[in-house]
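Worksheet: the structure to be examined is printed underneath.
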Amino acid sequence: MTKHAHEPTNEQLEEIIQDLDPEYIDVDPLKKSYTQSIIQNEERYASIKEQNTALMVIDMQYLDAAPGYGVFADPKTSGVPPEAQEYYFSTLENIVIPNVQRLLRTFRSRGFEVIHTRIMSLTKDGRDRSPGHKRLKLHAAPGSKEAEFLDEVKPVGDEIVLNKTASGCFTSTNINYLLKNLDIQGLFITGVYTNECVSTTVRDASDLGYLVTLISDACTTVTQELQDSTVFTLQDRYARVIDTDTAIQEIEQYASR
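For the sequence shown, my numbering begins at 1038 and goes up steadily by one.
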């Protein structure tokens, strides 16, 4: 098997595993097996070479990613503490949005599919929403500001836009059908919130057999602790986790020219 510069060697994997807390190893005995099967998988590079990989941008919209709108229309009643809101919007502005922009430029310039998802009901009153979204009073009506994408990362041209009314893309849209039609095998996933819609989509995609890559600095949530714990849980079991620089390097290195 060919090694790639950004991949850990078998020896490095052994060291990583040995350095883990023994109690953690005991409760996750398959960690090594998952690491080898998720990270060291040549199929993901073939999917890039053959342009069978897509970039997913999840829920980068006014409903949940802009101060003064939707979830954060009234900061005092949002349920998110002020310090968590400060962390979230600071991370979005300074890290996540710039990185998603970089990824969009790279994927677009190489002719890869870009897929955007957003929370938006089919009906004005939201009666078609999932029970979970109704309980949370989460609603972005068609044509509303909350349903709009953030201008910095909005779709261009005929990029695919999927509207959903639940956490996961695979349970509330026809994305699996579309990906099969497009012959997409690999997914590079970004967006918000890491511990909710992003995590659900990563897990579902992995279960359905997609080669999932989570871009750790192109997704975020309301606290560093939630971000870290979610990424830790997903890493090597449901997705390979890399940063934006590595993702761009891979696309530029392996994409057909």
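Where is the CB? At the ideal position from N, CA and C, for every residue including glycine.
Item	Value
Using three-state DSSP, classify residue 1221 as helix, strand or coil.	coil
What's the gap between the Cα of residue 1249 and the Cα of residue 1162?	35 Å
Can you tell me whether residue 1272 is buried or exposed? The criterion is at least 16 other CB atoms within 10 Å of its CB, across all chains shown.	buried
Measure the alpha-carbon distance for residue 1038 versus residue 1190 and round it to whole angstroms.	At residue 1038 the pLDDT is 43, less than 50, meaning the model places this residue with poor confidence; the figure from the coordinates comes in the next sentence. Spanning the two alpha carbons is a distance of roughly 37 Å.
Opposite residue 1090 in the DSSP bridges: which residues?	1223
Alpha carbon to alpha carbon, what distance is there between residue 1260 and residue 1124?	7 Å
Is it the case that the stretch 1106-1115 contacts the stretch 1224-1234, given that we only count it when at least three CB pairs across the two stretches are under 8 Å?	no
Buried or exposed: where does residue 1172 fall if 16 or more other Cβ atoms within 10 Å of its Cβ makes it buried?	exposed
Return yes when the Cβ of residue 1091 is within less than 8 Å of the Cβ of residue 1133, no when it is not.	no
Taking buried to mean at least 16 other C-beta atoms within 10 Å of its own C-beta, is residue 1144 buried or exposed?	buried
Is residue 1039 helix, strand or coil when you go by DSSP?	Low confidence applies to residue 1039: its pLDDT is 46, below 50, so where it sits in the model is not reliable, and the reading given next is rough at best. Of the three classes helix, strand and coil, the one that applies to residue 1039 here is coil, per DSSP.
Determine the closest residue to residue 1088 out of 1098, 1097 and 1219, with distance taken between C-alpha atoms.	1219
Per the DSSP calculation, residue 1132 is bridged to which residue(s)?	Looking at the DSSP assignment, residue 1132 forms no beta bridge with any residue, so it has no partner.
If you follow the alpha helix (DSSP H) that residue 1236 is in, where does it begin and where does it stop?	1236-1244
Just verifying my parser: in three-state terms, what is the DSSP assignment at residue 1191?	coil
Keeping to the same chain, check which residues put their C-beta closer than 6 Å to that of residue 1100; ignore five residues upstream and five downstream.	1107, 1156, 1177 and 1183
Among 1207, 1130, 1203 and 1265, whose alpha-carbon lies nearest the alpha-carbon of residue 1093?	1207
Measuring only the C-alpha atoms, how far is residue 1233 from residue 1258?	8 Å
Out of 1274, 1198, 1217 and 1180, which has the shortest C-alpha to C-alpha gap to residue 1066?	1274
Based on the DSSP output, what are the partners of residue 1176 in its beta bridges?	Paired residue(s): none; residue 1176 is not in a bridge.
If contacts are defined as beta-carbon pairs under 8 Å, then residue 1095 and residue 1277 qualify, I think. What distance do you get, rounded to the angstrom?	No, residue 1095 and residue 1277 are not in contact; Cβ-Cβ is about 17 Å, not under 8 Å.
Spell out the partners DSSP gives residue 1277 in its beta bridges.	1250
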